[in-house]
Each structure stands twice: as C-alpha cells, then as structure tokens.
Amino acid sequence: MDWTKSNESTKQNQDIAGIPCTSLMWGFKRSFVNYIEGMSDGQVHLTDGASRHGAGFVFPFGYRQGSSLMFQGSVQFTGHFGMLNLNVEGLRLSQAGDRVSILIADEEVDGGQLMLASGTLNPASAVIESVRLSREGADLFFENYKPGEPLEDIQLCN
Ligand code: HEM
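Residues in the sequence shown are numbered consecutively from 23, following my numbering.
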C-alpha cells in the first residue's frame, strides 16, 4: 500500500498511540460516494493535497496539536445542481485512550469544527474501527443517515 509512503521524512516522528503517521486513508462512506458518483452531475473534488487510491481518500498529515492530529486535504462532494455540497476538510483526529473523535472544519459551528464521527483505534493495525456518525454529523446528511450510521474504517499509518 504505497499511500503510506511519504517523501517528507521530517514528519515520520508524528504518531498516534505510538504509531508513526504520515497520512490517513478513509473511504468515508462508500454508499455515499457511490450515490454522488451515480448522479448525472455528481462530482468529487480533491484539493489541498488530497488524493484518491481506489475507494480511499488520502489526507496528508499536517501537524500535531496536543492529543490531536491535523490532516491536510479537502474532499468536496457536490451534486443535485448545487443543492448537495459537502466538504470534508480540516480533518482532525482527537484521541482519548482508544477512542478517537473525527472532526472536520465547519464554519457554521461554534469553534469552526464539527464532531463528525468517532471510532475505536486498533493499535495493532493502526485502523480506526467501528466508525459511527455523530448526531451533529447526521445533520450534514439531512436525515438520510441517522446518528450511529456506520462509516468506513480509517487506515491511519503504515
Ligand atoms: C434535490 C435534492 C435531493 C434529492 C432529489 C435527493 C435524492 C435522493 C435519492 C433519490 C436518494 C436515494 C438514492 C438511492 O437509493 O440510490 C438519496 C439518497 C441520499 N441522499 Fe439525497 N437527495 C437530495 C439532496 C441531498 C442532500 C442535500 C444530501 C446531503 C448530503 C443528501 C444525502 C443523501 C444521502 C446520504 C443518501 C443515502 C446514500 C446512501 O445510499 O448511502 N441528499 N437522495
């Protein structure tokens, strides 16, 4: 899996739960991506360093802030002639024990960050498993997903 390889060796020392970390890969919600890409005008825009490897979107590591890791990259889903517009950027993983909160930038929320989902870190595999949509996250989908909706696992590190 070459997405874990980074040219920026200075970032190799960053870690979560002791795992070196240079980027993360997340398929987000596969059925949602399929839904967008099945629309006649559906698009997935990758900017600010985000890339795509098969079903996964890759967000390069940005910096550490306390117990949080910040990632670069923006993945914007658009469709329905502008009525659907969801931007996944400013991705932040905040760790407390084996629980990881997944936040994204949202200027409509106090503090500018929305708690999208949370999951459980498996340190052996560096995968955040059992990722579930939060209540605030569900609001982004206008009732199409309920709080607790399963999202894809997040592959953290190499
Ligand atoms: C003009 C407005 C919209 C129309 C006509 C519309 C229509 C639809 C339809 C027909 C489906 C079922 C698709 C299927 O089962 O294959 C669907 C699913 C869905 N829509 Fe929309 N939608 C609209 C706006 C939105 C917006 C603003 C969001 C916000 C993100 C959204 C999020 C979703 C989600 C998450 C699903 C479920 C996808 C899945 O299967 O996982 N929709 N929509």
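Every residue gets a Cβ at the ideal spot worked out from N, C-alpha and C, and that includes glycine.
This one's a predicted model, so the numbers in the text were calculated from it and none came from an experiment.
Rounded C-beta distance between Ala-139 and Leu-173? I'm assuming under 8 Å.
-> Within the sequence shown, residue 139 is the residue found at index 117, counting from 1. Within the sequence shown, residue 173 is the residue found at index 151, counting from 1. 6 Å between Cβ atoms; contact.
Secondary structure at Ala-139, three-state DSSP: helix, strand or coil?
-> On the sequence shown, residue 139 is found 117 positions in, with the first residue counted as 1. Reduced to three states, the DSSP call for Ala-139 is strand.
Should the stretch 63-71 be called in touch with the stretch 160-178, which here means at least 3 C-beta pairs below 8 Å?
-> Too few Cβ pairs lie closer than 8 Å, so no.
Would you kindly work out how many angstroms separate the C-alpha atoms of Ser-116 and Gln-94, rounded to a whole number?
-> Within the sequence shown, numbered from 1, the residue matching residue 116 stands at position 94. Within the sequence shown, numbered from 1, the residue matching residue 94 stands at position 72. If I take the Cα positions, the gap works out to 15 Å.
Comparing the CB of His-102 with every heavy atom of ligand 1, is any distance shorter than 7 Å?
-> In the sequence shown, counting from the first residue as 1, residue 102 sits at position 80. Yes, since a heavy atom of ligand 1 falls inside the 7 Å radius drawn around the Cβ of His-102.
Inter-residue spacing [alpha-carbon to alpha-carbon] between Gly-101 and Phe-54 | For the purposes of this step, residue 101 is taken as the residue at position 79 of the sequence shown. For the purposes of this step, residue 54 is taken as the residue at position 32 of the sequence shown. Whole-angstrom Cα-Cα distance: 12 Å.
Have a look at Cys-43 and Pro-82 and give me their C-alpha separation to the nearest angstrom.
-> As a first step, residue 43 must be located in the sequence shown, where it is residue number 21. As a first step, residue 82 must be located in the sequence shown, where it is residue number 60. One C-alpha to the other measures close to 9 Å.
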